[in-house]
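Below is one structure, written out as structure tokens; comments come after it.
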DNA sequence: AGATTTAAGGATCTTTTTATCCTTTTTAAA
DNA sequence: TTTAAAAAGGATAAAAAGATCCTTAAATCT
């Protein structure tokens with residue numbers, strides 16, 4: 009469904025969000041340990057999320073990553089867009105460049121439904137809500 | 009959503025199915041033209057589908073690809089499984105190896121819904137039904 | 001039998017994705 | 001002000017996916 013980059017990115021951002029609700033900031037080392045991802049690769053992904061103003065990075069001792077209060081309202085769809093683009097929402101299931109209601113591929117209307125439900129889910133799920141669920145439910149981010 | 013191989017494969021198999029309903033068999037050259045895919049690469053994909061007994065290949069002059077009558081009942085999910093495996097149905101949205109209702113990732117229950125609707129769609133859509141829709145609706149397989 | 005047409009299959013190349021390494025920059029603390 | 005801790009960023013490597021080429025095998029027609 010998503011690329012590895014996007015999977016790591018989502019896990020990272022969810023972990024940072026959850027820690028942010030506890031007033032902790034977290035280092036790259038901690039993140040990659042806690043989400044079980046390759047550290048240097050995760051660094052690249054976090055750079056992208058930082059440049060796109062989704063997470064905030066702080067250099068130097070006691071630095072790390074955190075999410076600013078108003079950014080806790082960021083939706084998962086924004087993270088996915090930054091890391092994988094939005095072809096998952098807009099693209100044709102059979103890979104056709106031109107495929108819409110007017111000149112649809114044979115599966116167009118069946119795919120639209122699924123893509124829309126995915127899009128809705130991602131667009132309606134904020135980092136804050138996932139973080140809160142996590143704190144309450146003890147869901148996991150590694151293994 | 010799917011790999012390129014799987015996109016080409018689905019388009020190819022749908023095209024062959026549609027032609028089969030018209031009692032035509034089609035050559036690799038025709039297929040790759042009609043679905044707008046790289047010919048040699050499409051050949052590899054069709055070999056896989058042939059070995060997995062989804063399409064039938066006939067060598068020699070007037071040869072080509074066709075689908076046997078009873079195989080027109082093949083579901084899209086079988087084609088996807090052959091070409092992309094079934095991680096799209098069973099895998100975790102965040103890429104965790106172990107993620108299920110017992111130890112779920114933070115998005116597990118939201119993803120289950122979407123994956124299930126995708127799975128249902130693919131498991132309930134036969135080659136025959138897509139081919140028939142195509143013949144009636146003039147949907148497209150290229151561009 | 002020989003020539004031709006078509007798929008099968010092996011080898012290889014290219015591009016993209018995934019991943020690592022090393023140096024530089026920033027910041028805080030001693 | 002030196003040292004250490006952390007992220008940023010450039011260069012490169014490894015693996016996977018996508019794509020091509022060429023030879024072989026099978027089938028049909030002459």
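Protein chains in written order, with this note's numbering: chain A, 9 to 151; chain B, 9 to 151.
No residue lacks a Cβ here, since even glycine has one placed at the ideal position from N, Cα and C.
Between residue 105/A and chain B, is the shortest Cβ-Cβ distance under 7 Å, so that the two count as touching?
yes
Among 113/B, 101/B and 138/B, whose alpha-carbon lies nearest the alpha-carbon of residue 28/B?
Ranking 113/B, 101/B and 138/B by Cα distance to residue 28/B puts 138/B first.
Distance, residue 120/A Cα to residue 151/B Cα
18 Å
If you measure from the beta carbon of residue 63/B to each beta carbon in chain A, is any gap under 7 Å?
Answer no: the Cβ-Cβ gap between residue 63/B and chain A never drops below 7 Å.
Which of helix, strand or coil DSSP assigns to residue 83/A
strand
Which runs of the beta strand (DSSP E) spanning at least 3 residues fall entirely within the segment 57-109 of chain A, listed in chain order?
64-66 and 72-74
Residues of chain B with a CB under 9 Å from the CB of residue 80/A: which are they?
Those within 9 Å of residue 80/A in chain B number zero; the least Cβ separation is about 14 Å.
Straight-line CA distance for residue 126/B to residue 71/A?
42 Å
Just confirm the distance between the C-beta atoms of residue 114/A and residue 22/B, as a whole number of angstroms; I'd bet it's less than 8 Å.
6 Å
Which one of 65/B, 124/B, 149/B and 107/B has the shortest CA to CA distance from residue 102/A?
149/B
Which of helix, strand or coil DSSP assigns to residue 125/B
helix
In chain A, which residues lie with their C-beta within 7 Å of the C-beta of residue 111/B?
148
DSSP on residue 134/A, reduced to helix/strand/coil?
In the structure shown, residue 134/A sits in a strand (DSSP, three-state: E or B).
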